[in-house]
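S.K.: My questions will all concern the structure given below.
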């Protein structure tokens with residue numbers, strides 16, 4: 013059960029009444045010499061008795077010397093006793109350190125400081141407001157960059173110059189050159205993608221590593237031609253003459269070879285995936301070096 017706290021009023025020599033105070037407060041007043049043993053106390057401001065006659069108060073206090081009281085007061089007030097007062101009076105640095113009062117500021121300085129505080133506060137709010145939008149934008153840009161790398165497509169072939177002479181690395185992409193005479197020409201690495209070469213004479217032409225994808229080569233004479241590592245994906249070779257042609261490692265997937273002449277041609281490791289064979293049958297996927305015919309003729 014909690015002990016009931018008794019509060020006391022104090023009166024010095026029949027003068028001013030102060031309080032109420034707890035027993036510990038009265039004890040502190042004794043320690044500091046603010047109360048004497050002949051001062052009076054009361055719990056109801058009616059019946060007054062000498063402090064010294066109250067056993068519960070008398071047992072809680074002891075008298076201090078003036079020096080002890082000053083030391084106790086200094087500790088309560090946070091006074092730093094490392095530097096005596098006479099030393100502080102002679103040392104300007106210590107005087108500035110312990111001078112707790114700030115010099116009065118003029119109105120302009122106060123307004124300037126308040127303005128800086130307001131600007132900094134608005135800046136912090138604005139900084140917080142734009143942080144998350146910037147994070148979202150950065151995340152979107154990062155995602156776009158990653159997707160661009162993952163799903164990047166090769167750059168399209170540059171536009172060809174159809175008037176360029178027939179030489180190695182020539183670029184005739186999308187050019188119309190029917191019935192062209194290229195017999196015995198050397199066109200290594202030539203770019204002939206989607207070109208129109210119907211009825212041309214390309215006998216004994218060298219087209220190593222050339223790009224002939226989707227080219228129209230109907231009725232073209234490619235006998236004895238060199239097409240090693242050539243790209244003929246989706247090319248139209250209807251009725252073309254490929255006799256004794258070297259098609260080693262060439263890609264003829266999805267080509268149309270209906271009626272073409274492949275007699276004596278070299279087909280080592282050539283791909284005919286989904287190509288239309290000379291008899292109109294469609295080659296099966298993974299047809300390498302030959303046409304694996306598993307599908308009925310194309311109507």
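In the numbering used here, the protein residues as written are 13 to 311. We put the beta carbon where it would ideally sit given N, CA and C, even for glycine. Just so we're clear, the structure is a prediction, and the values are computed from it rather than from any experiment.
Could you pull the DSSP bridge partners for residue 201 from this structure?
M.R.: The partner list for residue 201 (beta bridge, DSSP) is empty, contrary to what the question assumes.
S.K.: Between 58, 42, 38 and 63, which has its C-alpha nearest residue 50's C-alpha?
M.R.: The shortest Cα separation from residue 50 among 58, 42, 38 and 63 belongs to 63.
S.K.: Measure the beta-carbon distance from residue 285 to residue 302 and round it to whole angstroms, keeping in mind my assumption that it falls under 8 Å.
M.R.: Going by Cβ atoms, the distance from residue 285 to residue 302 rounds to 12 Å, so no, they are not a contact pair.
S.K.: What is the DSSP secondary structure of residue 50, counted as helix, strand or coil?
M.R.: coil
S.K.: Does residue 42 pass the burial test, meaning 16 or more other C-beta atoms within 10 Å, or should it be called exposed?
M.R.: Within a 10 Å sphere around the beta-carbon of residue 42 sit 16 or more other beta-carbons, which makes this residue buried.
S.K.: So what's residue 33 in DSSP terms, helix, strand or just coil?
M.R.: Annotated three-state conformation of residue 33 is strand, per DSSP.
S.K.: Which class does residue 289 belong to by DSSP, given the choice of helix, strand or coil?
M.R.: coil
S.K.: According to the Cβ coordinates, are residue 213 and residue 193 closer than 8 Å?
M.R.: Yes.
S.K.: Which word fits residue 258, buried or exposed, when buried means at least 16 other C-beta atoms lie within 10 angstroms of its C-beta?
M.R.: buried
S.K.: Using the three-state DSSP reduction, which class does residue 270 fall into: helix, strand or coil?
M.R.: coil
S.K.: Just to confirm my understanding: we take residue 275, look at its own chain, exclude 5 residues before and 5 after, and list those with CB closer than 6 Å. What are they?
M.R.: 255
S.K.: What's the call for residue 163, buried or exposed, on a 16-neighbour Cβ count within 10 Å?
M.R.: exposed
S.K.: Just to confirm my understanding: we take residue 173, look at its own chain, exclude 5 residues before and 5 after, and list those with CB closer than 7 Å. What are they?
M.R.: Answer for residue 173: 183, listed in chain order.
S.K.: Let me make sure I understand the geometry here. Which of 196, 197, 180 and 205 has the alpha-carbon closest to that of residue 188?
M.R.: The option with the nearest alpha carbon to residue 188 is 205.
S.K.: Alpha carbon to alpha carbon, what distance is there between residue 306 and residue 176?
M.R.: Roughly 43 Å separates the two Cα atoms.
S.K.: Ordered along the chain, which non-local residues of its own chain (more than five positions away) have a Cβ less than 8 Å from that of residue 245?
M.R.: Only 225, 226, 263, 264, 265, 266 and 267 meet the Cβ criterion.
S.K.: Output the distance between the C-alpha atoms of residue 251 and residue 234, rounded to the nearest integer angstrom.
M.R.: 11 Å
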